[in-house]
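> Read in order, the letters of the sequence shown are residues 50 to 638 in the working numbering. Note that beta-carbon positions come from the ideal geometry of N, C-alpha and C, so glycine has one too. Below are the structure tokens for one structure; questions will follow.
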Amino acid sequence: MQDLGGKSVILRTYQATVETELFDDVFVVTDDEIIFKEIESNGGKAIMSQKEHECGSDRIAEAVAPMDVDIVVNVQGDEPFTSRKALEQVLSVFNGPDADKIDLASLMTEIHDWKEISDPNCVKVIVDKENFALYFSRSPIPYPRDKNASVQYYKHKGIYAFRKASLMDFYRLPMRSLEAAEKIECIRYLEYGKNIKMAISNTQGIEIDTPEDLVRANKVLKETQQKSVNHQYRNFPMVPKVVYGAGSFDQLTSIIGSQRKDKAPFIFLVDDVFTENTALTDRIQLRFNDKLLFISADEEPKTSQVDQIVAAIKKEFTYVPSGIIGIGGGTILDLAKAVSIMLANKGSAADYQGWDLVPHKAVYHVGIPTISGTGSEVSRTTVLTGPVKKLGINSDFTPFDQVILDPELTQGVPKNQWFYTGMDCFIHCVESLNGTFLNEFSKSYGEKAYDICLEIFLHQELSEEEARGKLMMASWHGGMSIAYSQVGVAHAMSYGLSYVLGTKHGLGNCIVFNHLEEFYPTDVALFKEMVAKHDIHIPQGLCNNLSETEMETMIDIALGLVPLWENALGEDWEQKMSRDRLRSLYLKM
Ligand code: NAD
Ligand code: ZN
50 MQDLGGKSVI
60 LRTYQATVET
70 ELFDDVFVVT
80 DDEIIFKEIE
90 SNGGKAIMSQ
100 KEHECGSDRI
110 AEAVAPMDVD
120 IVVNVQGDEP
130 FTSRKALEQV
140 LSVFNGPDAD
150 KIDLASLMTE
160 IHDWKEISDP
170 NCVKVIVDKE
180 NFALYFSRSP
190 IPYPRDKNAS
200 VQYYKHKGIY
210 AFRKASLMDF
220 YRLPMRSLEA
230 AEKIECIRYL
240 EYGKNIKMAI
250 SNTQGIEIDT
260 PEDLVRANKV
270 LKETQQKSVN
280 HQYRNFPMVP
290 KVVYGAGSFD
300 QLTSIIGSQR
310 KDKAPFIFLV
320 DDVFTENTAL
330 TDRIQLRFND
340 KLLFISADEE
350 PKTSQVDQIV
360 AAIKKEFTYV
370 PSGIIGIGGG
380 TILDLAKAVS
390 IMLANKGSAA
400 DYQGWDLVPH
410 KAVYHVGIPT
420 ISGTGSEVSR
430 TTVLTGPVKK
440 LGINSDFTPF
450 DQVILDPELT
460 QGVPKNQWFY
470 TGMDCFIHCV
480 ESLNGTFLNE
490 FSKSYGEKAY
500 DICLEIFLHQ
510 ELSEEEARGK
520 LMMASWHGGM
530 SIAYSQVGVA
540 HAMSYGLSYV
550 LGTKHGLGNC
560 IVFNHLEEFY
570 PTDVALFKEM
580 VAKHDIHIPQ
590 GLCNNLSETE
600 METMIDIALG
610 LVPLWENALG
620 EDWEQKMSRD
630 RLRSLYLKM
């Protein structure tokens, strides 16, 4: 009942356990009226038990006896910082190959500090080679007679997962002497010959056993609360490694070599435009069980397509791949990012469309653009069309671990496509530079990319080689610019077109941007000059024959992209952009 940052320790522990979403139900079992009331009056579930239990497990056994459950996890009431990860780890042993042998499971953490090893408040555990517990003790075990023998000490963490049957088996078994001497509950199971499987968890929680622990816990809590309040400035990951230069593609094999894990293949996702032209694929050195998959960029990536690729990889390979290498335009790069995320996360890619929904780090992934403009190679998002929305998986785990920027790879891009994708970059800059989210970070990247785009598409007569190198960098800078701000009207509307009509991103942006004078007057004029200079055809009248439902869906999809509108038109954007206004804009296109 001690106070921890304004709530009792038991209430915090209860709420943290509920919030893991790992359990069908969570109860506090107690023989104490005050604790019972504390939980119930705060909307939780509590169960009163008899007074005379000798240990927590007996108390839990009494509580679950009438329940229909398979696995019961005992979270100690004094562990408010119990993490989801630790609970997942203790549950995971029941999916292992030796699950049948396990009566109960618990956790242990590596410890190294002799002060901790010799502290009797810290319970140590030793295990056999399969991580079944041999013994628990408050003494240092093993005793380090040979100071040079290398031995890992483990501290026991008070989290248990029982099969209900074994919990009931032990209910009220009399305490024996070892347990009585050490005052460590789980020794009883060993004394009765049961198998305790230990999982290693190195996430550091704070247990509250002493008043000093409570002081420490209050401090930690304060720090984490401050951290979550201070989210005014976003903390962005960047691509940690990048190679630039004509011909740099040949470094791929040596770059990924250090990431190769035994028996785990690299999967290359390559734009199928390179099926015939083997000049590129001949330079990819497949080793061992590496696999190259040609992927069509005819349609932009869908969540269902990501799920299919992931399922096929999981079916073919026992080991999680060493890495995913995406080689192509924005379509293939986004697909590669999404596949690498979904190889490490459960469910469907559609579950993670949105901001910061991905819990686990993606597998190593490398991006190699073969056309420039989208900035996907540097961005924190992967744009996917799902069953109900077109929205990116925007997360800290999305950006590539490695990018290879080789301008030579963009040589074969057809002219129209070069223009459409290049204009994606130009529009990123315009939308970022004219948005309300603009700041110096975005501005410094956006202005540079904007200037390079005008150099390439409007002002200067560059050699093709020069233009390729410059556009590749404009794409990167444009992507960096929107990373710390947002896109705007053209992107919101082009997502609508793409969702309903399948219009591709670059082209869709051009179709829309051509009619956005009221929002971006100078830049739309420049855009029209560029279209004329390169003699590019921009389709017209796309929305003339839409059914009412299609038009409504298009409007729904576009208006659903709230941050884009907020960036473009300010916080009161809803007053400025009505459904009718949007409809009439679409009809102009
Ligand atoms: P794309 O990947 O669809 O490629 C366009 C066409 O060019 C395809 O037909 C492709 O086969 C072909 N192509 C690619 N490289 C070629 C080469 N070297 N030679 C000949 N042909 C080549 O188009 P894109 O414009 O690069 O990407 C659009 C996608 O990017 C969309 O799905 C969009 O949502 C996404 N996007 C993502 C981000 C992001 O931050 N993640 C940003 C903008 C756009
Ligand atoms: Zn774009």
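Is L384 near A248, with beta carbons less than 9 angstroms apart?
The residue given as residue 384 occupies position 335 in the sequence shown. The residue given as residue 248 occupies position 199 in the sequence shown. No.
> Please find out if some non-hydrogen atom of the ligand NAD comes closer than 8 angstroms to the beta-carbon of H554.
Here residue 554 is taken as the residue at index 505 of the sequence shown, counted from 1. H554 Cβ: within cutoff of the ligand NAD.
> If you measure between the beta carbons of G377 and I420, is that distance less than 9 angstroms?
On the sequence shown, residue 377 is found 328 positions in, with the first residue counted as 1. On the sequence shown, residue 420 is found 371 positions in, with the first residue counted as 1. Yes. Within cutoff.
> Is it buried or exposed, A148, if we count other Cβ atoms within 10 angstroms and call 16 or more buried?
What you label residue 148 is simply residue 99 of the sequence shown in a count that begins at 1. Classification for A148: exposed.
> Using a Cβ-Cβ cut-off of 8 angstroms (strictly less than) and excluding sequence neighbours within five positions of L342, which residues of its own chain qualify?
Indexing the sequence shown from 1 puts residue 342 at position 293. Excluding positions up to five away in sequence, the list reads I316, F317, L318, V319, I358.
> Name the DSSP bridge partner or partners of K206?
Here residue 206 corresponds to residue number 157 of the sequence shown, with the count starting at 1. In the DSSP output, where bridge partners are listed per residue, K206 has L156.
> Determine the contact status of I255 and Y184, defining contact as a CB-CB distance below 9 angstroms.
Taking the sequence shown and counting its residues from 1, the one referred to as residue 255 is at position 206. Taking the sequence shown and counting its residues from 1, the one referred to as residue 184 is at position 135. Contact: no.
> Starting from G377, follow the beta strand (DSSP E) in both directions and report where the run begins and ends.
Walking along the sequence shown from the start, residue 377 turns up at place 328. Residues 372-377.
> Along the beta strand (DSSP E) that carries Q402, what are the first and last residues, could you check?
Residue numbering aside, residue 402 sits at position 353 when the sequence shown is read from its first letter. Run containing Q402: none; DSSP gives neither H nor E here.
> Are the CB atoms of V288 and V78 nearer to each other than 9 angstroms?
Locating residue 288 in the sequence shown gives position 239, counting from the first residue. Locating residue 78 in the sequence shown gives position 29, counting from the first residue. For V288 and V78, no; Cβs fall outside 9 angstroms.
> In chain order, which alpha helix (DSSP H) runs of at least 4 residues are fully inside the stretch 126-206?
133-141, 163-167, all fully within the stretch 126-206.
> If you compare alpha carbons, which of Q99, T327, E566 is closest to L634?
By 1-based counting over the sequence shown, the position of residue 634 is 585. Taking only the C-alpha atoms, the option nearest L634 is E566.
> Determine whether the beta carbon atoms of A135 and S250 lie at a separation below 9 angstroms.
Within the sequence shown, numbered from 1, the residue matching residue 135 stands at position 86. Within the sequence shown, numbered from 1, the residue matching residue 250 stands at position 201. For A135 and S250, yes; Cβs fall inside 9 angstroms.
> Which residue or residues does DSSP assign as beta-bridge partners of S57?
Reading the sequence shown from its first residue, position 8 is the one you call residue 57. Bridge partners of S57: D52.
> Along the chain, where does the beta strand (DSSP E) that runs through V452 open and close?
For this step, residue 452 is matched to residue 403 along the sequence shown. V452 -> beta strand (DSSP E) spans 451-454.
> DSSP three-state call for H280: helix, strand or coil?
For the purposes of this step, residue 280 is taken as residue 231 along the sequence shown, with counting starting at 1. Reliability fails at H280, whose pLDDT of 49 lies under 50, so the model's placement of it is uncertain and no value is given.
> Starting from D320, trace the beta strand (DSSP E) both ways and give me its first and last residue.
The residue you call residue 320 lines up with position 271 of the sequence shown. 315-320 is the extent of the beta strand (DSSP E) around D320.
> As a quick exercise: from E103, V121, G557, pick the residue whose alpha carbon is nearest that of L140.
Translated into positions along the sequence shown, residue 140 becomes position 91. Checking every option, the nearest Cα to that of L140 belongs to V121.
> Work out the CA separation of I333 and A182 for me, nearest whole Å.
Translated into the one-based positions of the sequence shown, residue 182 becomes position 133. Translated into the one-based positions of the sequence shown, residue 333 becomes position 284. Going from the Cα of A182 to the Cα of I333 covers about 48 angstroms.
> Considering Cα atoms alone, identify which of F486, C474, Y401 is closest to T447.
For this step, residue 447 is matched to residue 398 along the sequence shown. Comparing Cα positions, the closest option is Y401.
> Taking the alpha carbon of T352 as the point to measure from, which residue in K577, N465, S389 has its own alpha carbon closest?
Along the sequence shown, one-based indexing puts residue 352 at 303. Considering only alpha carbons, the answer is S389.
> Between D473 and the ligand ZN, is the CB less than 8 angstroms from at least one heavy atom?
To locate residue 473, count along the sequence shown from 1; it is residue 424. Yes.
> Check whether the Cβ atoms of L546 and G557 sit closer than 9 angstroms, and answer yes or no.
Against the sequence shown, residue 546 aligns to sequence position 497. Against the sequence shown, residue 557 aligns to sequence position 508. Yes, they are a contact pair.
> So what does DSSP say about H102, is it helix, strand or coil?
If you number the sequence shown from 1, residue 102 lands on position 53. Coil at H102, not helix or strand.
> With a threshold of 8 angstroms, establish whether the CB of H526 neighbours any heavy atom of the ligand ZN.
The residue given as residue 526 occupies position 477 in the sequence shown. H526 Cβ: outside cutoff for every heavy atom of the ligand ZN.
> Check whether the Cβ of I560 lies closer than 8 angstroms to any heavy atom of the ligand ZN, and answer yes or no.
Taking the first residue of the sequence shown as position 1, residue 560 is located at position 511. I560: no, Cβ never under 8 angstroms from the ligand ZN.
> Report whether the distance from the Cβ of G424 to the nearest heavy atom of the ligand ZN is below 8 angstroms.
Within the sequence shown, numbered from 1, the residue matching residue 424 stands at position 375. Yes, the ligand ZN has a heavy atom inside 8 angstroms of this Cβ.
> Please work out which residues of its chain come closer than 6 angstroms, Cβ to Cβ, to V278, disregarding the five sequence neighbours upstream and downstream, and give them in chain order.
Taking the first residue of the sequence shown as 1, we reach residue 278 at position 229. Because the pLDDT of V278 is 47, which lies under 50, any placement of that residue in the model is unreliable, and the question is left without a value.
> To the nearest angstrom, how far is the alpha carbon of G422 from that of E68?
Taking the sequence shown and counting its residues from 1, the one referred to as residue 422 is at position 373. Taking the sequence shown and counting its residues from 1, the one referred to as residue 68 is at position 19. Their backbone Cα atoms lie some 41 angstroms apart in a straight line.
> Using a Cβ distance threshold of 8 angstroms, determine whether the stretch 498-508 contacts the stretch 569-585, with at least three qualifying pairs required.
They touch, by the three-pair rule.
> Ignoring anything shorter than 4 residues, give me the alpha helix (DSSP H) runs that lie fully in the stretch 292-360, in order along the chain.
Qualifying alpha helix (DSSP H) stretches, in chain order: 301-306, 327-330.
> Between the beta-carbon of T62 and the beta-carbon of D127, is there less than 9 angstroms?
The count along the sequence shown starts at 1 and reaches residue 62 at position 13. The count along the sequence shown starts at 1 and reaches residue 127 at position 78. Contact flag set, yes.
> Would you call the stretch 89-99 and the stretch 220-227 in contact, with 3 or more CB pairs under 8 angstroms?
With a cut-off of 8 angstroms, the stretch 220-227 and the stretch 89-99 do not count as touching, because too few Cβ pairs lie within range.
> With 16 other CB atoms within 10 Å as the buried threshold, where does E514 fall?
The residue given as residue 514 occupies position 465 in the sequence shown. Classification of E514: exposed, given that the 10 Å Cβ count is below 16.
> For D107 versus R212, is the C-beta distance shorter than 9 angstroms?
Residue mapping note: residue 107 aligns to position 58 of the sequence shown, counting from 1. Residue mapping note: residue 212 aligns to position 163 of the sequence shown, counting from 1. Cβ distance not < 9 angstroms, so D107 and R212 don't count as in contact.
> With a threshold of 8 angstroms, establish whether the CB of V538 neighbours any heavy atom of the ligand ZN.
By 1-based counting over the sequence shown, the position of residue 538 is 489. Not under cutoff, so the answer is no.
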